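Peer 1: Residue numbers (our numbering), protein chains in the order written: chain A, 1 to 51; chain B, 52 to 269; chain C, 270 to 487; chain D, 488 to 698; chain E, 699 to 909; chain F, 910 to 1152.
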Amino acid sequence: MPDLGRYATEVLTAYGVSIVALAALVWLSVRQARRVRRRLEDVEARRRAPG
Amino acid sequence: MIALILRDLRLAFRAGGGFGLALAFFLIVVVLVPFGVGPETGRLSGIAPGILWLGALLACLLSLDRVFQLDWEDGSLELLATSALPLETLAFAKAIAHWLTTGLPLVVAAPLLGVMLNLPGPAYPWLAASLAVGTPGLSAIGTFGAALTVGIKRGGLLLSLLVLPLYVPSLIFGAMTATRAAEALDPLPPLALLAGLSLAAAAAMPFAAAGALRVNLR
Amino acid sequence: MIALILRDLRLAFRAGGGFGLALAFFLIVVVLVPFGVGPETGRLSGIAPGILWLGALLACLLSLDRVFQLDWEDGSLELLATSALPLETLAFAKAIAHWLTTGLPLVVAAPLLGVMLNLPGPAYPWLAASLAVGTPGLSAIGTFGAALTVGIKRGGLLLSLLVLPLYVPSLIFGAMTATRAAEALDPLPPLALLAGLSLAAAAAMPFAAAGALRVNLR
Amino acid sequence: MVLAVMDLSVGRGLVEVLRGVSFRLAPGAALVLRGPNGAGKTTLLRTLAGLTPPFAGRVEAEPDSVAYAGHADGIKAQLTVAENLDFWAAVFGRDEVGAAMDAFDLRGLADRRAGELSAGQKRRLSLARLLVAGRPVWCLDEPTVSLDAENVARFAAAVTAHLAAGGAAVMATHIELGIGSAETLDVARFAAPPPSAGDPGADPFGGDAPL
Amino acid sequence: MVLAVMDLSVGRGLVEVLRGVSFRLAPGAALVLRGPNGAGKTTLLRTLAGLTPPFAGRVEAEPDSVAYAGHADGIKAQLTVAENLDFWAAVFGRDEVGAAMDAFDLRGLADRRAGELSAGQKRRLSLARLLVAGRPVWCLDEPTVSLDAENVARFAAAVTAHLAAGGAAVMATHIELGIGSAETLDVARFAAPPPSAGDPGADPFGGDAPL
Amino acid sequence: MSSLWEYANPRKFMATSGALLPWVSGLAVLCLVGGLFWGFFLTPDDFRQGSTVKIIYLHVPAAIMAINVWLMMLVASLIWLIRRHHVSALAAKAAAPVGAVFTAIALFTGAVWGQPMWGTWWEWDPRLTSFLILFLFYLGYIAMWEAVENPDAAADLTTVLCLVGSVFAVISRYALLFWNQGLHQGASLSMDAEQNVADVFWYPLVTCIAGFFLLFLALVLYRTRTEIRARRLRALLAQERTA
Ligand code: HEM
Ligand SMILES: Nc1ncnc2c1ncn2[C@@H]1O[C@H](COP(=O)(O)OP(=O)(O)OP(=O)(O)O)[C@@H](O)[C@H]1O
Ligand SMILES: Nc1ncnc2c1ncn2[C@@H]1O[C@H](COP(=O)(O)OP(=O)(O)OP(=O)(O)O)[C@@H](O)[C@H]1O
Ligand SMILES: [Mg+2]
Ligand SMILES: [Mg+2]
């Protein structure tokens, strides 16, 4: 861990919040992708099923 | 009654719904104020509590004409009036739904937006408290005004004019709470008055609103 | 086109109509500001030009969702779209009617309300001039936003969100004109920029709005 | 008697439209209101439902016994068909919407947003609400507008079932509903005479004598 | 030919409703669209009027020759009947509303606020607008809803006069209009088949092959 | 060489993007983690700014990308407008939330940086202001996609919006040239070697910019795939409902 001196809080919050924001973006994208994919597979299966 | 609140919430959340409307308006006011009055931090933080309360009040006012109008236009209001639900309950449910979709988001957002206006530090909790206590009163008073003007096409003007004088006391005490906190004075007395106002409004409103609705539905 | 403007004006004047709505809102803002920020004259006159411009802008924003929405709801918009009137002309006529019922009253009222906020003397003519030059641009931009969101129930949120960023430059230059006049600086450069903005908006708007209307009427 | 109307005068705004309307409806009876456009059918139905106060006379019905369905359909375009029905079921304290869905063949549309229905489909939804309300007296204003022949028959079947279960119905219409047992009342017969001084229901400022 | 429709596919939103509709309308001809609720009559009429773009196929008509009247009536409640008509006359560049007033017996209502009309009176007003528009092709969606027998006859007379003057009309309806010369087209015949891959009009994401 | 427009076919796009995605994501993680690690742990403090200079590795890439994402959305929207390629419209839709998050990061890190540097975390100077407006445009754009039911109509309407918003994207890029005032830093990445930041800061910064760009690319590919699936899901559900 480098010595951040006086501005430790600033630098750490900047990094912390940014990384959390990016992680949240990725996580939400993945979650949405999974969800959509599952629902689409259900519907495709229903379509292929006779009737 | 719960069904009604739930429906209104659901409608508010659907498809571009009114849910964020008040919040967006609030945000707009807060973002625009510095453009208008200039960005000097000292000047901004002096007027911050007042502007925040004013923004919240205007946001509330803005969304009032939808409280009954949409239901009136599509006939739902007539049908609700002929249902077993007393109009008093209806008005109360509408006020609650209005607060949940308008007041509550404002309470949550106000401290965040305070940052943008350089609100002095000690004022934050009191600003949130005054909004939390004051906005239910705004919703209650507003619902009464909306009931008075339902059915008048473009009745928004009348509504604003009717509700405005009733909102002034809430605005004064609300802004005073936050301002006194910012200036390190005791913010409790105006807050207590504000709470009294809200309680009185919430208690009296359903009856007045139901009476007005009855007349407007004829 | 003239028939359309006349009809919109007539509708605005009828029965609680939207005519005074913007004006009333403007009045409300100006009356409430001293309650919110406290009555010290020095502080008030410092922020007066900004608040007046902000009030005018919010009043304009507020009345936008009626530009097309009412006509859309009762089917008039579809009928107008199938008439010989090009949608570009329709959008232009709507913008003019909106300005006549909203912007013009504000221009007239602003100097009167300036008194309530202790606007410094030399700023009066420039405030009126900046509003006269700027509000047509607000109406034009707003009509575009209204065309984008017509048909979306409770699209008001979206409308505000879309139009707000577009209004910021007008607000900055408008308030700057009045502020510079108040501080005895040359107010002409921001006024010229404001006029340029309004002209550009008025020139480009009909086409963008007509395109959006065409999509929304499908 | 589920509904008794005695010497009723009704009107809109300041103007009296119908005067001296009287009829009684027993359980299982249906009344069809007829009359030319502007005769006052809608006005009468609104008064029966308690929305417009009568100028004179009385409407006797159990409290909360009337279900009204007018020209405006009270359907929320943003909600689905099922959500719309569920809401009204909750308002009327019921929780069963299946029968109503079946009666107007709405199952296939249950998850459709109401704003995306055709005119006739919307009308079916607003009629289904009557079944959900579970009220004994139905006051219906042109219920079959926009319905095709098959759905008019569905509607007639629903009314017949309602009557068989001891309900009653008053319906205004311009077309044939195909409900065998219904009696017809021509409201044009009750058209209010031009007002004269001293009328009980008339506008106190509208009499013959000038001020 | 005032209106020619060739191999038209129409739909609302993403869904194709009708496919392969073709017909031609000569001056003086009328076509009645029939079909159950939700068949696609309204959708077809909106496409003919140029409001909804077709999925495939073509509609050939002179520019600005179609007058459309749908479920929504485009009447301003705050304006009087005469003001409403005058406005539409001005929009369509005409200045004579007398004939239209007479055809639907609106003289007596001319100074009434449109919001205070009964359902049938409102409908008459919106039909009168067709005469004011002076367009050769009428596309009418359930024009006689809420009209009494007398006014249905007035409407039929207006259509007959329009046809005699070389106009044409396409009308969707569920009831008998009493216009002798009209042909009937059952739109249910054209119901679009369930979509399959490679359809020109179909949604590019809706084909058979999964992604 | 096949035509570029082939990728506008949903199936072709799914195949290609599926093959590409692991590589792009891997590279993105590598650059981003590597660049941030390098910047945070291995660079010295600035003699004036102290350790706050480390914020540059987040602020600058995020700010640059925020503006460029909007311009890419503009290109994609125009392709939709002119050639009616659905995938292109969906790519624009998929990119918007990524751009919005980048904008938010730039705003936040800028604000945090401003506190020690300028003594205030927000100042209504032209670049900051136009950047905030850009953020609002992102929100409006996303909201517009959500609010309109018909996807084709939504694509058309958002295209119009994107066109208008581009004016602000350009202004936030060049605000400094228009108004010569305000507190904000001038261009630190200019070609002029004199003005350039020192090499110790420069290399990790470029790595981070590459990392942000690759992350954007990976997320857009991934999210566009999701949007295509969602779009097909809608089409199928619509068919089912009317069947
Ligand atoms: C909330 C406040 C801030 C915002 C919204 C903001 C926004 C921006 C934007 C839009 C850019 C342009 C990226 C581009 O050129 O494409 C930028 C770059 C930059 N910012 Fe900030 N910034 C903020 C605060 C700060 C602070 C406090 C500092 C440091 C003291 C700073 C340092 C820089 C530097 C060094 C660059 C790179 C300049 C260049 O290469 O063009 N920023 N910022
Ligand atoms: N809101 C209103 N205010 C004032 N007068 C009205 C109002 N609504 C209707 N009227 C008038 O009252 C009379 C009766 O109208 P009503 O709607 O009851 O007729 P109706 O029999 O239902 O006709 P329709 O068959 O056309 O629906 C009409 O002359 C009408 O013009
Ligand atoms: N706005 C809309 N969005 C999506 N689908 C719609 C919309 N309006 C109608 N539909 C659907 O399109 C189909 C055709 O509807 P349309 O309104 O054309 O029927 P119609 O023949 O006019 O029926 P009706 O006799 O009930 O008026 C129906 O299945 C309907 O549910
Ligand atoms: Mg009626
Ligand atoms: Mg139809």
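All residues carry an ideal CB built from backbone N, CA and C; glycine is no exception. Since we're looking at a predicted model, the values are computed, not measured.
Could you tell me how far apart the beta carbons of Gly185 (chain B) and Gly247 (chain B) are, in whole angstroms, since I believe they sit closer than 8 angstroms?
Peer 2: Contact doesn't hold; Cβ gap of about 11 angstroms is too wide.
Peer 1: With a cut-off of 8 angstroms, do at least 3 Cβ pairs link the stretch 156-166 of chain B to the stretch 640-651 of chain D?
Peer 2: No, the stretch 156-166 of chain B is not in contact with the stretch 640-651 of chain D.
Peer 1: If we cut at 8 angstroms on Cβ distances, does Ile274 (chain C) have a partner in chain F?
Peer 2: No, Ile274 (chain C) does not count as interfacial toward chain F.
Peer 1: Within 8 angstroms (strictly less), CB to CB, does Pro734 (chain E) reach chain A?
Peer 2: It does not; no Cβ of chain A falls within 8 angstroms.
Peer 1: Can you have a look at Ala379 (chain C) and say buried or exposed, based on whether 16 or more other CB atoms are within 10 angstroms of its CB?
Peer 2: The residue in question, Ala379 (chain C), is buried, as its Cβ has 16 or more Cβ neighbours within 10 Å.
Peer 1: Which residues, in chain order, does the stretch 298-325 of chain C contribute to contact with chain B at a C-beta distance below 8 angstroms?
Peer 2: Taking 8 angstroms as the Cβ-Cβ cut-off against chain B, the residues of the stretch 298-325 of chain C that qualify are Val298, Val300, Leu301, Val302, Phe304, Gly305, Val306, Gly307, Arg312, Gly315, Ile316, Pro318, Gly319, Ile320, Trp322, Leu323.
Peer 1: Shortest alpha-carbon distance to Pro176 (chain B) belongs to which of B:Ile192, B:Glu129, B:Thr133, B:Leu239?
Peer 2: Considering only alpha carbons, the answer is B:Leu239.
Peer 1: Classify Asp277 (chain C) as buried or exposed, calling it buried when 16 or more other Cβ atoms lie within 10 Å of its own Cβ.
Peer 2: Per the 10 Å Cβ criterion, buried.
Peer 1: Would you mind reading off the limits of the beta strand (DSSP E) that contains Arg732 (chain E)?
Peer 2: Per DSSP, Arg732 (chain E) belongs to the beta strand (DSSP E) from 728-732.
Peer 1: Could you give the distance in angstroms between the alpha-carbon of Leu326 (chain C) and the alpha-carbon of Trp368 (chain C)?
Peer 2: C-alpha separation (whole angstroms): 12 angstroms.
Peer 1: Quick test of the definition: if touching needs 3 or more C-beta pairs under 8 angstroms, does the stretch 920-930 of chain F touch the stretch 1123-1140 of chain F?
Peer 2: Yes, since at least three Cβ pairs between the stretch 920-930 of chain F and the stretch 1123-1140 of chain F fall closer than 8 angstroms, the two stretches touch.
Peer 1: Below 8 angstroms on the Cβ atoms is my guess for Leu170 (chain B) versus Ala99 (chain B); work out the distance and round it to an integer in Å.
Peer 2: Indeed, because the Cβ distance is near 4 angstroms, the residues count as touching under 8 angstroms.
Peer 1: Taking the C-alpha atoms as reference points, what is the distance between Thr200 (chain B) and Arg993 (chain F)?
Peer 2: The alpha-carbon atoms of Thr200 (chain B) and Arg993 (chain F) are separated by roughly 47 angstroms.
Peer 1: Would DSSP call Met869 (chain E) helix, strand or coil?
Peer 2: DSSP places Met869 (chain E) in strand when its eight states are reduced to three.
Peer 1: So who's on the other strand from Phe510 (chain D), going by DSSP bridges?
Peer 2: Paired residues: D:Val492.
Peer 1: Is it true that the stretch 625-633 of chain D meets the stretch 653-660 of chain D, where meeting means three or more beta-carbon pairs spaced less than 8 angstroms apart?
Peer 2: With a cut-off of 8 angstroms, the stretch 653-660 of chain D and the stretch 625-633 of chain D count as touching, because enough Cβ pairs lie within range.
Peer 1: What is the DSSP secondary structure of Val300 (chain C), reduced to helix, strand or coil?
Peer 2: Three-state DSSP puts Val300 (chain C) in a helix.
Peer 1: Does the contact criterion of 3 or more C-beta pairs under 8 angstroms hold for the stretch 294-301 of chain C versus the stretch 326-336 of chain C?
Peer 2: Taking 8 angstroms as the limit for Cβ pairs, the verdict is that the stretch 326-336 of chain C does touch the stretch 294-301 of chain C.
Peer 1: Considering Cα atoms alone, identify which of D:Leu538, D:Gly607, D:Gly621, D:Ala655 is closest to Gly733 (chain E).
Peer 2: Of the candidates D:Leu538, D:Gly607, D:Gly621, D:Ala655, the one whose C-alpha sits nearest the C-alpha of Gly733 (chain E) is D:Gly607.
Peer 1: Going by beta carbon distance, what residues of the same chain come within less than 6 angstroms of Arg756 (chain E), once the five residues before and after it are set aside?
Peer 2: For Arg756 (chain E), where only same-chain residues beyond five positions count, the Cβ hits under 6 angstroms are Met704.
Peer 1: Just to confirm before moving on: does the CB-CB distance between Ala601 (chain D) and Leu650 (chain D) stay below 8 angstroms?
Peer 2: Not closer than 8 angstroms, so no.
Peer 1: So is Ala350 (chain C) in contact with chain E if we call contact Cβ pairs under 8 angstroms?
Peer 2: Yes, because at least one Cβ of chain E sits closer than 8 angstroms to the Cβ of Ala350 (chain C).
Peer 1: Report the residues of the stretch 710-721 of chain E with a CB closer than 8 angstroms to any CB of chain F, ordered along the chain.
Peer 2: Result list: Gly711, Leu712, Val713, Val715.
Peer 1: Can you name the start and end residues of the beta strand (DSSP E) that Ala759 (chain E) belongs to?
Peer 2: Its beta strand (DSSP E) spans residues 754-759.
Peer 1: Taking Trp625 (chain D) as part of the beta strand (DSSP E), name the residues at either end of that continuous run.
Peer 2: Residues 624-628.
Peer 1: Just the Cα atoms here: how many angstroms apart are Ala556 (chain D) and Asp122 (chain B)?
Peer 2: If I take the Cα positions, the gap works out to 15 angstroms.
Peer 1: Give me, in chain order, the residues of the same chain whose beta-carbon lies closer than 8 angstroms to that of Thr529 (chain D); leave out the 5 immediate sequence neighbours on both sides.
Peer 2: If we look at Thr529 (chain D) and ignore the five residues flanking it on each side, its Cβ neighbours are Gly557, His558, Asp628, Ala659.
Peer 1: Check this for me: beta carbons of Leu482 (chain C) and Ala360 (chain C), under 8 angstroms apart or not?
Peer 2: Yes, the Cβ-Cβ distance between Leu482 (chain C) and Ala360 (chain C) is below 8 angstroms.
Peer 1: Comparing the C-beta of Leu492 (chain C) with each C-beta of chain B, is any distance below 8 angstroms?
Peer 2: In the structure as shown, chain C begins at 270 and stops at 487. Residue 492 (chain C) is therefore absent and cannot be evaluated.
Peer 1: Taking the alpha carbon of Glu637 (chain D) as the point to measure from, which residue in D:Ala652, D:Arg611, D:Arg511 has its own alpha carbon closest?
Peer 2: Out of D:Ala652, D:Arg611, D:Arg511, D:Arg611 has the C-alpha closest to the C-alpha of Glu637 (chain D).
Peer 1: Please work out which residues of its chain come closer than 7 angstroms, Cβ to Cβ, to Tyr1047 (chain F), disregarding the five sequence neighbours upstream and downstream, and give them in chain order.
Peer 2: Contacts found: Ala1005, Gly1008, Ala1009, Thr1012.
Peer 1: Closer than 8 angstroms, Cβ to any Cβ of chain E: which residues of the stretch 919-939 of chain F, in chain order?
Peer 2: Within the stretch 919-939 of chain F, the qualifying residues are Pro919, Arg920, Met923.
Peer 1: Note down, in chain order, all residues in the stretch 845-867 of chain E with a beta-carbon under 9 angstroms from any beta-carbon belonging to chain D.
Peer 2: From the stretch 845-867 of chain E, only Leu845, Asp846, Ala847, Glu848, Asn849, Val850 have a Cβ closer than 9 angstroms to chain D.
Peer 1: Three-state secondary structure (DSSP) at Glu1058 (chain F)?
Peer 2: In the structure shown, Glu1058 (chain F) sits in coil (DSSP, three-state: anything other than H, G, I, E or B).
Peer 1: Out of curiosity, what's the CA-to-CA distance linking Leu55 (chain B) and Phe574 (chain D)?
Peer 2: So the alpha carbons of these two residues sit roughly 7 angstroms apart.
Peer 1: Exposed or buried, Thr671 (chain D), counting other C-beta atoms within 10 Å across all chains shown (16 or more means buried)?
Peer 2: Exposed: under 16 other Cβ atoms inside 10 Å.
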